[in-house]
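In our numbering, the protein residues as written are 112 to 410.
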Ligand SMILES: Cc1cc2nc3c(=O)[nH]c(=O)nc-3n(C[C@H](O)[C@H](O)[C@H](O)COP(=O)(O)OP(=O)(O)OC[C@H]3O[C@@H](n4cnc5c(N)ncnc54)[C@H](O)[C@@H]3O)c2cc1C
Ligand code: FES
């Protein structure tokens, strides 16, 4: 398999920068919001793209950690990352204080693509994944203010204590539906169940598009729902990553050949199609992390 490492968004400059910490705030038991001064990255990053962050100044841990940018702040000079403390690297991030610095590479990957052929645009997020949808929501909110497009957000969390970013999503306008698995806040149920009721109640299956980011079980349910109803959708794939730039092949994933041929210009992707079967191989850091629901093969 050949490797190319040019930026996946044509003409976009990928920067490496030392970004001072402006704030690092705890949102709940597991999640934090890190604000970094990174004007070069903030200037060009698109919804759904990510940065690869070195979590400390030395070599331990050696590898960078990938994070989607939640939103641009401070007049476009800063970026915010919402992160879950999952292991050693993110524990180190949670200890950062204003004035500390992180080494960042970005913007990386290709982001969400607006589907202007549909009227109803629905953000569907689960857990920490909701953060990856917010800047897309900001673009959709602006477009909704200028034309016939409608925005709705369906955000699912495990329980009341895990609910976060409610005010931020409410500020986007449109309908906001919160749900918890145990019913302790908002509606009881999982994000895709709530999405299904919303689409049925609105009768918008023929005129909607879904943009999703969440854990793998949510992705599976979403892909099944969208395929069953013929609803176009895009979702964020999470794979372990090392380089983030297409050089190490760690983030290799299977993709559906027919879905790829429907949605991509192969000449400008890194996807290799298997001539002997219905699948192909993509690199999540270059061809994603955002994929169409027709493209993904969830094993
Ligand atoms: C494109 C992309 C965007 C991401 N955006 C965000 C984000 O905005 N906020 C956020 O909280 N997390 C995000 N993640 C996941 C985040 O990168 C991992 O949680 C983080 O690297 C864990 O580092 P750690 O050293 O704390 O954990 P480790 O000690 O390395 O691992 C702890 C646990 O996390 C799992 N893990 C580690 N890396 C990944 C990964 N890349 N994908 C899935 N599981 C992983 C491990 O299997 C293990 O169970 C993203 C991942 C990708 C690929
Ligand atoms: S993370 Fe190295 S190729 Fe994707």
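Every residue, glycine too, gets a C-beta built ideally from N, C-alpha and C.
All values derive from a computational prediction rather than experimental measurement.
Heavy atom of ligand 2 within 8 Å of residue i beta-carbon
i: residue 397; result: yes
i: residue 353; result: yes
i: residue 239; result: no
i: residue 179; result: no
i: residue 135; result: no
i: residue 139; result: no
i: residue 360; result: yes
i: residue 356; result: yes
i: residue 394; result: yes
i: residue 330; result: no
Through-space distance from residue j to residue i, alpha-carbon basis
i: residue 340; j: residue 241; result: 23 Å
i: residue 356; j: residue 227; result: 29 Å
i: residue 188; j: residue 376; result: 33 Å
i: residue 321; j: residue 400; result: 16 Å
i: residue 328; j: residue 150; result: 35 Å
i: residue 363; j: residue 392; result: 7 Å
i: residue 397; j: residue 381; result: 7 Å
i: residue 308; j: residue 315; result: 11 Å
i: residue 304; j: residue 289; result: 12 Å
i: residue 139; j: residue 275; result: 7 Å
i: residue 260; j: residue 251; result: 8 Å
i: residue 123; j: residue 336; result: 34 Å
i: residue 118; j: residue 293; result: Only weak support exists for where residue 118 lies, its pLDDT of 48 falling under 50; the value from the coordinates is given anyway. Cα to Cα, the separation comes out at about 42 Å.
i: residue 230; j: residue 167; result: 45 Å
i: residue 365; j: residue 334; result: 15 Å
i: residue 113; j: residue 222; result: For residue 113, the pLDDT reaches just 31, beneath the cut-off of 50, and the residue's location in the model is therefore unreliable, leaving the point undetermined.
i: residue 174; j: residue 360; result: 14 Å
i: residue 142; j: residue 278; result: 16 Å
i: residue 299; j: residue 345; result: 24 Å
i: residue 120; j: residue 220; result: 7 Å
i: residue 212; j: residue 206; result: 12 Å
i: residue 144; j: residue 192; result: 6 Å
i: residue 369; j: residue 311; result: 28 Å
i: residue 342; j: residue 317; result: 7 Å
i: residue 116; j: residue 338; result: Confidence in residue 116 is poor, its pLDDT being 39 and thus under 50, which makes the residue's placement too unreliable to answer from.
i: residue 134; j: residue 384; result: 44 Å
Cross-strand partners of residue i (DSSP beta bridge)
i: residue 407; result: 366
i: residue 345; result: 322 and 403
i: residue 249; result: Partner(s): none; residue 249 has no beta bridge.
i: residue 134; result: 146
i: residue 333; result: None; residue 333 has no bridge partner.
i: residue 290; result: 267 and 298
i: residue 191; result: 146 and 182
i: residue 129; result: 214
i: residue 281; result: Paired residue(s): none; residue 281 is not in a bridge.
i: residue 383; result: 392
i: residue 162; result: 178
Beta-carbon separation (whole angstroms), residue i vs residue j, contact threshold 8 Å
i: residue 282; j: residue 182; result: That belief does not hold up - the Cβ atoms of residue 282 and residue 182 are roughly 11 Å apart, past 8 Å.
i: residue 271; j: residue 291; result: 6 Å
i: residue 215; j: residue 152; result: 6 Å
i: residue 306; j: residue 235; result: 5 Å
i: residue 217; j: residue 255; result: Wrong, their Cβ atoms sit about 28 Å apart, outside the cutoff.
i: residue 248; j: residue 302; result: Rounded, the Cβ-Cβ distance is 15 Å, inconsistent with contact.
i: residue 146; j: residue 159; result: Rounded, the Cβ-Cβ distance is 20 Å, inconsistent with contact.
i: residue 238; j: residue 269; result: 7 Å
Heavy atom of ligand 1 within 8 Å of residue i beta-carbon
i: residue 146; result: no
i: residue 158; result: no
i: residue 166; result: yes
i: residue 349; result: yes
i: residue 172; result: yes
i: residue 75; result: Lying before the first or after the last residue shown, residue 75 is absent from the chain, which here runs from 112 to 410.
i: residue 322; result: no
i: residue 193; result: yes
i: residue 298; result: no
i: residue 242; result: yes
i: residue 245; result: no
i: residue 381; result: no
i: residue 400; result: yes
| Mind pulling the beta strand (DSSP E) runs of 3 or more residues that sit fully within the segment 212–275? | 212–219, 231–237 and 261–268
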